[in-house]
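> Let me begin by handing over the structure; questions about it come next.
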Amino acid sequence: MKIITIIGARPQFIKASVVSRSFVEQTALQEIIIHTGQHFDTNMSDIFFEQLSIPRPAYQLDINSGSHGEMTGRMLAEIEHVIMAEKPDRVLVYGDTNSTLAGALAAAKLHVPVAHVEAGLRSFDMSMPEEINRILTDQVSDLLFCPTQTAVDNLVSEGFERKPVEVLKVGDVMQDSALMFAEHASPPEGFVIGDGFVLATLHRAENTDDPARLAAIVNALNEVNDTIAPIVLPLHPRTRGAIAKAGLSLDVHLTDPVGYLEMIWLLRRCGLVLTDSGGVQKEAFFFGKACVTMRDQTEWVELVNVGANELAGADKDKIVSAAARHIGRIVDDTYQLYGGGKAAGRIAQRLVNVKC
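Anchor point for the sequence shown: position 20 equals 20 in my numbering, and the numbering is continuous, going up by one each time.
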């Protein structure tokens with residue numbers, strides 16, 4: 001079976017690292033990787049292939065600028081050309097990015113079956129481009145690999161059990177990656193801050209493109225850094241530009257974006273995570289760290305339900321208060337929420353058995 005895998009953003013590189021390794025163990029599978037180029041900074045892209053031993057992409061599209069519609073349209077056209085040339089049995093997409101949607105639409109329009117890893121996630125916030133991408137990708141997929149029971153329940157409530165598709169709870173491949181690569185983690189170059197710091201990330205458009213939200217979050221981070229614990233913030237280039245444009249100043253320990261192995265090292269040694277990232281919310285949980293999420297909703301509602309994660313939105317006082325309450329708190333995976341690190345093998349095995 002020939003499978004085309006579409007990747008283009010940091011979380012997708014991490015997920016593909018373990019699934020592609022599982023494919024190698026399945027001699028019936030041939031994988032061809034398309035890298036859309038959505039993340040083009042070396043620390044956000046190439047480093048994943050170097051550190052995680054992902055097979056190099058057969059196709060590099062270098063599409064990394066423009067509006068959501070323009071970027072998605074360009075990706076769709078280029079991916080369509082590759083699918084027509086390669087004639088795969090199936091296309092595999094990950095998550096909720098523009099690359100995800102473009103790959104799914106290109107395949108569906110050419111009547112190539114689509115498998116969606118991380119299907120069924122919902123934040124119920126249609127202002128998020130990611131939410132639109134998730135919903136549309138699920139609609140054109142026939143194999144829906146769900147990371148949690150919540151994701152399965154979402155699809156059931158939307159009527160997927162009445163469609164000619166297969167909804168499977170396989171677990172979360174992000175946990176597979178975290179467990180596999182933890183022993184290889186290494187500190188960022190020149191890192192000298194002691195354990196117990198606050199690890200922060202900030203990149204969501206809902207925060208960076210809204211001046212009021214961005215200002216509130218920046219002020220909260222500065223206060224946490226001054227009054228609770230040092231903040232380490234690997235800063236996305238786009239966020240750095242938004243902060244400068246808004247005339248704001250971040251008085252925390254800034255670094256350039258780090259590789260996945262360095263991020264794991266930071267997660268294992270921090271005392272708290274502050275983030276607006278979907279993936280980092282889970283990664284905090286994988287390493288037993290409490291998380292405060294600077295968003296109004298999350299697709300990972302089970303983390304909120306078990307008390308591992310607290311939503312603080314872009315409210316300065318809520319962020320600071322939550323950080324003070326959760327710093328240093330240890331979180332246990334009592335309920336095995338994400339499958340215990342066996343998701344990639346389940347996905348590969350199902351793809352071998354499925355008839356396209």
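Don't be surprised by glycine CBs; every beta carbon is placed ideally from N, CA and C.
1) Is the beta carbon of Val-91 closer than 9 angstroms to that of Ala-361?
2) Are the CB atoms of Met-272 and Ile-327 nearer to each other than 9 angstroms?
3) I need the DSSP call for Asn-219, collapsed to helix, strand or coil.
4) Quick one: Cα of Met-75 to Cα of Ala-85, how far?
5) Is the distance from the Cβ of Ser-22 to the Cβ of Ser-53 below 9 angstroms?
6) Give the DSSP-derived three-state secondary structure of Thr-239 in the structure shown.
7) Look up Leu-143 in the DSSP assignment and give the residues it is bridged to.
8) Is Val-331 helix, strand or coil by DSSP?
9) Helix, strand or coil: which one does DSSP assign to Arg-56?
10) Between the segment 204–214 and the segment 154–168, do at least 3 Cβ pairs fall closer than 8 angstroms?
11) With DSSP as the reference, label Ala-200 as helix, strand or coil.
12) By Cβ distance below 8 angstroms, which residues in the same chain neighbour Asp-226 in space, the five residues on each side in sequence not counted?
13) Could you tell me the alpha carbon to alpha carbon distance between Phe-287 and Thr-293, rounded to whole angstroms?
14) Could you give the first and the last residue of the continuous alpha helix (DSSP H) run that contains His-326?
15) Using the three-state DSSP reduction, which class does Lys-2 fall into: helix, strand or coil?
16) Would you call Tyr-335 buried or exposed, if buried means 16 or more other Cβ atoms sit within 10 Å of its Cβ?
17) Based on DSSP bridge pairs, tell me the residues matched to Gln-30.
18) Any heavy atom of the ligand ZN inside 8 angstroms of the beta-carbon of Val-320?
19) Would you give the residue range spanned by the alpha helix (DSSP H) that Ile-63 belongs to?
20) Where does Tyr-94 sit, in a helix, a strand or coil, going by DSSP?
21) Note the first and the last residue of the continuous alpha helix (DSSP H) segment covering His-302.
22) Relative to the C-alpha of Thr-100, which residue among Thr-275, Leu-199 and Ile-7 is closest?
23) Using the rule of at least 16 other Cβ atoms within 10 Å of the residue's Cβ for burial, across every protein chain shown, is His-184 buried or exposed?
24) What first and last residue would you give for the alpha helix (DSSP H) that runs through Val-280?
25) I'd like the list of long-range same chain contacts for Gln-215, defined as Cβ closer than 7 angstroms, with 5 residues on each side in sequence excluded.
26) Where His-253 and Lys-109 are concerned, what is the direct C-alpha to C-alpha distance, given to the nearest angstrom?
27) Using 10 angstroms around the beta-carbon of Tyr-338, count the other beta-carbons present and answer buried if the total reaches 16, otherwise exposed.
28) With a threshold of 7 angstroms on Cβ separation, who are the neighbours of Glu-299 within its own chain once the five nearest residues in sequence on each side are excluded?
29) Considering only the alpha carbon of each residue, which of Gln-139, Asp-125 and Glu-130 lies closest to Ala-115?
30) What are the boundary residues of the beta strand (DSSP E) that Thr-255 is part of?
31) Rounded to whole angstroms, what is the Cα-Cα separation between His-236 and Ala-9?
32) Rounding to the nearest angstrom, what Cα-Cα distance links Ile-79 and Arg-162 in this structure?
Short version:
1) Residue 361 is absent from the structure shown; the chain starts at 1 and stops at 356.
2) Here residue 272 corresponds to residue number 272 of the sequence shown, with the count starting at 1. Here residue 327 corresponds to residue number 327 of the sequence shown, with the count starting at 1. Residue 272 is actually Leu in this sequence, not Met. Contact annotation: Leu-272 and Ile-327 have beta-carbon atoms nearer than 9 angstroms.
3) Here residue 219 corresponds to residue number 219 of the sequence shown, with the count starting at 1. Helix at Asn-219.
4) Position 75 of the sequence shown, counted from the start, is the residue given in the question as residue 75. Position 85 of the sequence shown, counted from the start, is the residue given in the question as residue 85. Cα to Cα, the separation comes out at about 16 angstroms.
5) On the sequence shown, position 22 is the one that residue 22 refers to. On the sequence shown, position 53 is the one that residue 53 refers to. Not in contact: Ser-22 and Ser-53 (Cβ atoms no closer than 9 angstroms).
6) If you number the sequence shown from 1, residue 239 lands on position 239. Thr-239 falls in the helix class under three-state DSSP.
7) Sequence index remark: in the sequence shown, residue 143 carries index 143 (1-based). Answer is Ala-115 and Glu-166, bridged to Leu-143.
8) By one-based count along the sequence shown, residue 331 stands at place 331. Coil at Val-331, not helix or strand.
9) If you number the sequence shown from 1, residue 56 lands on position 56. Coil.
10) Judged by pairs of C-beta atoms under 8 angstroms, the segment 204–214 does not touch the segment 154–168, as fewer than three such pairs exist.
11) Taking the first residue of the sequence shown as 1, we reach residue 200 at position 200. Correct three-state label for Ala-200: strand.
12) Against the sequence shown, residue 226 aligns to sequence position 226. If we look at Asp-226 and ignore the five residues flanking it on each side, its Cβ neighbours are Asp-251.
13) For the purposes of this step, residue 287 is taken as the residue at position 287 of the sequence shown. For the purposes of this step, residue 293 is taken as the residue at position 293 of the sequence shown. Taking the straight line joining both Cα atoms gives about 16 angstroms.
14) Reading the sequence shown from its first residue, position 326 is the one you call residue 326. From DSSP, the alpha helix (DSSP H) with His-326 extends over 316–326.
15) Reading the sequence shown from its first residue, position 2 is the one you call residue 2. Strand, per DSSP.
16) In the sequence shown, residue 335 corresponds to position 335, counting from 1. Burial is judged here by how many other beta carbons sit within 10 angstroms of a residue's own beta carbon; Tyr-335 has fewer than 16 and is exposed.
17) Against the sequence shown, residue 30 aligns to sequence position 30. Within the DSSP bridge table, the entry for Gln-30 names Lys-2 as partners.
18) Questions concerning the ligand ZN fall outside what the structure shown contains, since it holds no ligand whatsoever.
19) Within the sequence shown, residue 63 is the residue found at index 63, counting from 1. Note, Ile-63: premise wrong, no alpha helix (DSSP H); not H, not E.
20) Locating residue 94 in the sequence shown gives position 94, counting from the first residue. In the structure shown, Tyr-94 sits in a strand (DSSP, three-state: E or B).
21) Start at 1 with the first residue of the sequence shown, and residue 302 comes out as number 302. Note that residue 302 corresponds to Glu in the displayed sequence, not to His. Its alpha helix (DSSP H) spans residues 301–305.
22) As a working note, residue 100 is residue 100 in the sequence shown. Nearest C-alpha to Thr-100 among Thr-275, Leu-199 and Ile-7: Ile-7.
23) By one-based count along the sequence shown, residue 184 stands at place 184. His-184 comes out exposed.
24) Taking the first residue of the sequence shown as 1, we reach residue 280 at position 280. Where Val-280 is concerned, the enclosing alpha helix (DSSP H) stretches over 278–286.
25) Taking the sequence shown and counting its residues from 1, the one referred to as residue 215 is at position 215. The residue you asked about is not Gln; residue 215 is Ala in the sequence shown. Contacts found: Ala-246 and Leu-248.
26) Against the sequence shown, residue 253 aligns to sequence position 253. Against the sequence shown, residue 109 aligns to sequence position 109. A direct Cα-Cα distance of roughly 47 angstroms separates His-253 from Lys-109.
27) As a first step, residue 338 is located in the sequence shown; it is residue number 338 there, counting from the start. It counts as buried.
28) On the sequence shown, position 299 is the one that residue 299 refers to. Contacts found: Leu-121, Arg-122, Ser-123 and Gly-278.
29) As a working note, residue 115 is residue 115 in the sequence shown. Ala-115 has its Cα closest to that of Gln-139, out of Gln-139, Asp-125 and Glu-130.
30) The residue given as residue 255 occupies position 255 in the sequence shown. From DSSP, the beta strand (DSSP E) with Thr-255 extends over 253–255.
31) The sequence position of residue 236 within the sequence shown is 236, counting from 1. The sequence position of residue 9 within the sequence shown is 9, counting from 1. So the two alpha carbons sit approximately 12 angstroms from each other.
32) Counted from its first residue, the sequence shown places residue 79 at position 79. Counted from its first residue, the sequence shown places residue 162 at position 162. The alpha-carbon atoms of Ile-79 and Arg-162 are separated by roughly 30 angstroms.
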